[in-house]
Every structure is written in C-alpha cells, then in structure tokens.
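Visitor:
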Amino acid sequence: MGFFDALFLGFIQGLTEFIPVSSSAHLRIIGEFLPNGADPGATFTAITQLGTEAAVVVYFWRDIVRIVKQWSRALVGKAPKNDPDARMGWLIIVGSLPIIVLGLVFQDEIETTFRSLWLVASMLIIFGILMGIADVVGKKTRSLQQLTVGRGVVFGFAQALALIPGVSRSGGTITAGLFMGFSRTAAARYSFLLALPAVFGSGFYQLAKSFSGPQVFGPLETLSATVVAFIVGIGVIAFLMNWLSKHSFWPFVVYRVLLGGTILVLLATGVLQG
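Now the structure itself:
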C-alpha cells in the first residue's frame with residue numbers, strides 16, 4: 009500500500025474514532041479493499057490514534073488544563089481534595105488502569121488474534137446491539153458530578169474491551185455509561201477524556217516499536233495519516249457532541265449491525281479471508 013492509501017486510512021481514522029463504530033475495525037476492514045490490500049496493522053492504528061487524541065486535547069484544552077492544574081494543586085495540599093476538577097483527575101487515572109494492565113497482558117493477542125475479521129465483525133454486531141439496549145433502558149439522568157470511583161472503574165473496563173477491534177473505545181464506554189444512568193453527553197465527555205492516557209501511552213509505545221521492525225507504511229506515510237486524522241477528528245468531535253444533545257445512538261447501532269453482518273457474509277462466501 010502507498011502514500012494515498014495511508015492518507016485515506018488517516019481520514020477514516022479521524023472520521024470513525026469518536027463516533028461509536030470502532031475506528032480500528034474500519035481500518036482493519038477497509039485495508040483489505042485497498043489496492044494490494046492488507047491489514048494496516050496494530051502499530052499503524054495506534055500511531056494514527058495519536059492524531060485523533062491530539063484533536064481531543066485541542067477541543068477540550070480548557071477542561072484538560074483546569075483538571076491537571078487542580079489535580080496537581082490538590083496533590084500538594086493547595087486545593088481541596090474534593091475539588092471537582094481534582095477529583096476528575098483521579099477518576100481519569102483510576103479509569104485508565106484496566107486498559108493499561110490488560111493491554112500489557114494481551115499485547116500479543118492485540119496484534120494477532122484480536123484482528124481476525126470474524127471476531128471484528130462479531131464485535132460490531134454484539135456491541136451495536138448492547139448500545140441500542142443501553143440507549144433504550146438507560147435513565148440518562150446522571151451527570152459527571154455523580155461519577156464515583158466504582159463507576160469510573162466500570163468505565164475503565166468498558167474502555168479496555170476496545171482492545172478488540174469492533175468494540176469501539178467510545179462505544180464501549182458510552183454504552184457502560186448509559187447502563188449506569190449517565191446522560192449521552194456526560195458519557196461521551198468522560199469517554200473522550202478517559203481515552204487520553206491510554207491512547208497516548210499505546211501510540212508512543214507503538215511508535216517506539218516501529219523503529220525496530222518492518223511496517224506496512226513508512227514513517228512519512230504514517231505521519232501524514234496521523235495529521236489527516238487530527239484535522240478530521242476535530243470536526244467529528246464537534247459534530248458528535250452536538251448530535252448527542254439532540255439525537256439517539258440508533259443510526260450507529262443500525263450501521264454497526266449492517267456492517268458486521270455484511271463482513272460475516274463476505275467471509276462465509278470466501279470474498280474476504282479472516
């Protein structure tokens with residue numbers, strides 16, 4: 009695959025990272041349909057996610073600065089420990105622990121077994137249905153001020169499921185949030201902030217690893233794709249936050265089930281190899 013393939017995959021990464029349809033699943037699937045198609049790999053996926061997470065930093069810059077500042081001040085006793093922003097800093101740390109631990113434990117599977125198209129398609133369908141159920145039964149009354157350590161851990165384990173392409177980092181955490189009674193916008197906001205430590209950690213780890221072995225795309229292609237993902241990602245965050253204040257997740261649910269079903273049919277008929 010070449011330079012323009014990388015740019016296109018970067019565009020797809022930016023387009024699908026924040027909406028609950030699994031960006032890693034889309035990169036895995038679309039890679040198969042490009043000229044000389046192949047799996048772009050876990051390394052390319054993780055590095056391009058640095059671009060979309062940089063978009064989160066830009067979009068939520070004021071929130072992030074405020075949280076880091078108050079958390080740091082509370083740490084040295086210059087701000088109350090129950091300060092809402094300081095508390096959010098701790099909740100982001102606690103919620104990040106599951107994906108860090110499980111990411112290290114299942115590192116080999118993340119780069120091999122978990123990228124099976126059979127598994128990806130199944131996860132698209134299963135977690136699409138779970139999201140639809142959560143959107144119907146969730147009370148959607150809780151705000152982030154009602155986030156506790158226990159709920160933060162639940163969010164964290166839901167995020168960790170996104171180590172399997174097809175689950176969706178935002179989809180998993182938002183679904184968990186809806187089941188726990190949080191509003192759509194509150195669940196999405198925490199989901200985006202919670203992803204920062206995990207994605208930056210994974211992305212820079214994979215970036216360091218990329219220097220020691222062959223990759224599907226070279227450094228220039230990967231960098232360019234990451235920049236495209238950043239630019240597109242900013243627009244998608246703004247769209248999604250506005251969308252969630254007025255609409256449900258059902259268009260994404262239907263899309264996930266149809267895409268997953270289509271991939272299963274293509275695999276079963278031999279058009280795609282899993």
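Numbering follows my numbering, with no gaps: position 43 of the sequence shown is 51. By construction, the Cβ of each residue, glycine as well, lies at the ideal position given by its N, Cα and C atoms.
Tell me whether the beta-carbon of P205 lies closer than 9 Å to the beta-carbon of S80.
Guide: Cβ atoms of P205 and S80: not closer than 9 Å.
Visitor: Here's a check: name, in chain order, each residue in its chain whose Cβ is nearer than 7 Å to the Cβ of S1, leaving out the five neighbours to either side.
Guide: Residue 1 is absent from the structure shown; the chain starts at 9 and stops at 282.
Visitor: Going by the CB atoms, is the gap between G158 and L169 shorter than 9 Å?
Guide: The answer is no: Cβ separation not under 9 Å.
Visitor: Whole-angstrom Cβ separation of A166 and T56, contact assumed at under 8 Å?
Guide: About 22 Å; that fails the 8 Å criterion.
Visitor: Would you mind sorting H255 into buried or exposed? The rule is 16 or more other CB atoms within 10 Å of its CB.
Guide: By the neighbour-count rule (16 or more Cβ atoms within 10 Å), H255 is not buried but exposed.
Visitor: Ordered along the chain, which non-local residues of its own chain (more than five positions away) have a Cβ less than 6 Å from that of V128?
Guide: So the qualifying residues of the chain are A33, R36, P173, G174.
Visitor: Please list the terminal residues of the continuous alpha helix (DSSP H) segment that includes V128.
Guide: Element bounds for V128: 125-145.
Visitor: Got a sec? Which residues, its chain only, sit under 8 Å from S199 by beta carbon, not counting five neighbours each side?
Guide: Correct list, in chain order: F163, Q167, R177, S178, T181, I182, G185.
Visitor: May I ask which residues mark the beginning and end of the alpha helix (DSSP H) holding F41?
Guide: Per DSSP, F41 belongs to the alpha helix (DSSP H) from 31-41.
Visitor: State the Cα-Cα distance for the pair S232 and G22, rounded to the nearest angstrom.
Guide: Looking at the two C-alpha atoms, the distance is approximately 12 Å.
Visitor: Count the other C-beta atoms from every protein chain shown that fall within 10 angstroms of the C-beta of E229, then say buried if there are 16 or more, exposed otherwise.
Guide: When all chains shown are included, E229 counts as buried.
Visitor: Of the choices S191, I108, L152, whose alpha-carbon is the least far from that of G146?
Guide: When each option's Cα is compared against that of G146, the closest is S191.
Visitor: Could you pull the start and end residues of the alpha helix (DSSP H) that I242 belongs to?
Guide: I242 -> alpha helix (DSSP H) spans 227-252.
Visitor: Take every Cβ of the segment 55-69, pair it with every Cβ of the segment 203-217, and state whether three or more of those distances are shorter than 8 Å.
Guide: These segments touch.
Visitor: CB L152 to CB M188, shorter than 9 Å?
Guide: The answer is no: Cβ separation not under 9 Å.
Visitor: What do you reckon, are the CB atoms on A50 and F225 nearer than 9 Å?
Guide: Cβ distance not < 9 Å, so A50 and F225 don't count as in contact.
Visitor: Please name the residue, chosen from R197, I20, I271, L280, that lies closest to I100 on a Cα-to-Cα basis.
Guide: Nearest option by C-alpha distance: R197.
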